[in-house]
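Just so we're aligned: the sequence shown equals residues 1 to 108 in our numbering.
Take a look at the structure set out below.
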Amino acid sequence: MAENERDIVFSEAVKAGKRIYYFDVKETRNGEKFLTITESKKIVEGGDTMNPQFTFQKHKIFLYKEDYEKFMAALEKTVEIAKGAPIPEPTPEEKPQSNNGLDINFDF
């Protein structure tokens, strides 16, 4: 078994057209669990029409337990707006701060 597969304790895949989204729960050596979300997109890279060559472009997000609630709240809010819910007015705390002409809104 490959090193990166050994620490997966749960995996769920969602097929969506040319993309597959993998939701994996992994465990560190000290027993801490975290989530990885991977988007894998099939790319045709050449070859002829009879024998096309494929590669997979992957993007990963690592999400740790201290961020689960904030991540889920933002995801749920964003999905509801994408489905047609009205866009709420930002509170003063959510409004971006101006810094030398750059809008920055990071909460670390």
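Beta carbons: idealized from backbone N, C-alpha and C, even for Gly.
Please read these numbers as outputs of a predicted model, since none were measured by experiment.
Where residue i falls, given that 16 or more other Cβ within 10 Å makes a residue buried
i	result
D24	buried
Contact under 7 Å by Cβ, residue i with residue j
i	j	result
Q53	E45	yes
V9	E27	yes
Pairwise C-alpha distance: residue j and residue i
i	j	result
M1	K41	Model confidence at M1 stands at a pLDDT of 44, short of 50, so the residue's coordinates are unreliable; what they give is reported in the following sentence. Distance between the alpha carbons of M1 and K41: 24 Å.
F62	K70	14 Å
D48	F34	42 Å
G17	N51	21 Å
P86	L75	15 Å
E89	Y64	29 Å
Identity of the residue in the options nearest residue i by Cα
i	options	result
T55	E93, V14, R19, F10	R19
E158	D48, P90, M50, I37	Here the chain covers residues 1 to 108 and nothing more, so residue 158 does not appear.
R29	D7, P92, A82, E80	D7
I43	Q57, T49, M50, I81	Q57
K60	Y68, E39, T78	E39
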